[in-house]
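In order, the protein sequences belong to chains A and B. Heads up, the first sequence is in our numbering, so the first residue is 1 and it goes up one at a time. Heads up, the second sequence is in our numbering, so the first residue is 1 and it goes up one at a time.
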Amino acid sequence: GQNIDQPTEMTATEGAIVQINCTYQTSGFNGLFWYQQHAGEAPTFLSYNVLDGLEEKGRFSSFLSRSKGYSYLLLKELQMKDSASYLCAVRPSSGSARQLTFGSGTQLTVLP
Amino acid sequence: GAVVSQHPSWVICKSGTSVKIECRSLDFQATTMFWYRQFPKQSLMLMATSNEGSKATYEQGVEKDKFLINHASLTLSTLTVTSAHPEDSSFYICSAQRAGSNYGYTFGSGTRLTVV
Numbered sequence: 001g002q003n004i005d006q007p008t009e010m011t012a013t014e015g016a017i018v019q020i021n022c023t024y025q026t027s028g029f030n031g032l033f034w035y036q037q038h039a040g041e042a043p044t045f046l047s048y049n050v051l052d053g054l055e056e057k058g059r060f061s062s063f064l065s066r067s068k069g070y071s072y073l074l075l076k077e078l079q080m081k082d083s084a085s086y087l088c089a090v091r092p093s094s095g096s097a098r099q100l101t102f103g104s105g106t107q108l109t110v111l112p
Numbered sequence: 001g002a003v004v005s006q007h008p009s010w011v012i013c014k015s016g017t018s019v020k021i022e023c024r025s026l027d028f029q030a031t032t033m034f035w036y037r038q039f040p041k042q043s044l045m046l047m048a049t050s051n052e053g054s055k056a057t058y059e060q061g062v063e064k065d066k067f068l069i070n071h072a073s074l075t076l077s078t079l080t081v082t083s084a085h086p087e088d089s090s091f092y093i094c095s096a097q098r099a100g101s102n103y104g105y106t107f108g109s110g111t112r113l114t115v116v
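Given below as structure tokens:
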């Protein structure tokens with residue numbers, strides 16, 4: 001089966017750094033995605049990791065450890081607009097089209 | 001590039017009626033489209049995987065006769081909620097995977113369905 005865990009809620013202050021963790025146990029692995037979703041809107045792509053290590057993209061970075069079944073999304077220099085739900089999603093197997101399995105999402109609130 | 005248009009953005013319908021939601025890939029061909037449902041403060045739950053020219057694959061617990069999916073072309077998939085009930089009220093989102101792409105998933109803007 002598929003099991004993806006991430007914290008339900010987090011709160012941080014504008015300008016700070018926050019790390020959102022995600023652990024997964026899936027049947028096969030072929031990539032982990034992070035999405036940002038504002039209330040009432042569709043998810044927007046943030047990052048994709050398939051190999052171990054850190055991927056940096058501006059204020060956002062994502063880390064993956066396949067042996068530990070662990071990833072985190074790091075948000076630096078937080079802005080108010082970063083208040084949103086952050087979804088961790090795993091692509092469970094290789095090959096042709098495979099659906100993503102999503103975690104429950106972490107609701108991040110950025111305070112002034 | 002890689003834009004997916006979903007229509008309508010929101011719809012209110014009466015109990016017992018049917019509602020059709022369209023998902024179009026505007027600038028690429030999508031061999032596979034996924035339909036998700038999201039209840040308030042919950043994550044996306046996959047309902048079905050739609051492949052062009054073949055029958056959709058439904059997830060366990062999703063009634064295929066209630067949620068009709070048609071993927072007649074490489075750019076269009078439709079989800080029809082038949083005989084809608086208030087418990088079907090939810091946010092429905094489609095996602096398209098580009099033909100030949102290993103990981104490119106593009107989401108539609110979502111449809112807020114309210115059944116009264």
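For glycine and all other residues, C-beta sits at the position ideal for the given N, C-alpha and C. Bear in mind that the values here come from a model prediction, so they are computed numbers and not experimental data.
Check, Outcome
"A:D82 in three-state terms, based on DSSP", "helix"
"Alpha carbon of B:Q60 to alpha carbon of B:L46, nearest angstrom", "10 Å"
"Inter-residue CB distance, B:Y58 and B:S95 (contact presumed, cutoff 8 Å)", "B:Y58 to B:S95, Cβ: 16 Å. No contact."
"Distance CB(A:Q37)-CB(B:F34) smaller than 7 Å", "no"
"Minimum length 3: unbroken beta strand (DSSP E) runs contained in the stretch 32-104 of chain A", "32-37, 44-49, 53-57, 60-65, 70-75, 84-90"
"Local conformation of B:D27 per DSSP, three classes", "coil"
"Best match in B:V19, B:I69, B:F28, B:T106 for proximity to B:S90 [C-alpha to C-alpha]", "B:V19"
"Beta strand (DSSP E) segments (min. 3 residues) lying fully within the stretch 5-60 of chain B", "10-13, 19-25, 30-38, 45-51"
"C-beta neighbour in chain A for B:L79, strict 7 Å", "no"
"Burial state of A:Q19 (16 or more Cβ within 10 Å)", "exposed"
"C-beta atoms of B:T49 and B:K66 nearer than 7 Å", "no"
"Spatially closest choice to A:Y35 from A:G28, A:A84, A:E56, by CA coordinates", "A:A84"
"Beta carbon of A:F60 nearer than 7 Å to that of A:L75", "yes"
"Contact set for B:G104: own chain, Cβ-Cβ below 7 Å, skip 5 residues either direction", "A2, Q97, R98"
"Strand pairing of B:V3, partner residues [DSSP]", "Answer by DSSP bridge pairing: none, since B:V3 is not bridged."
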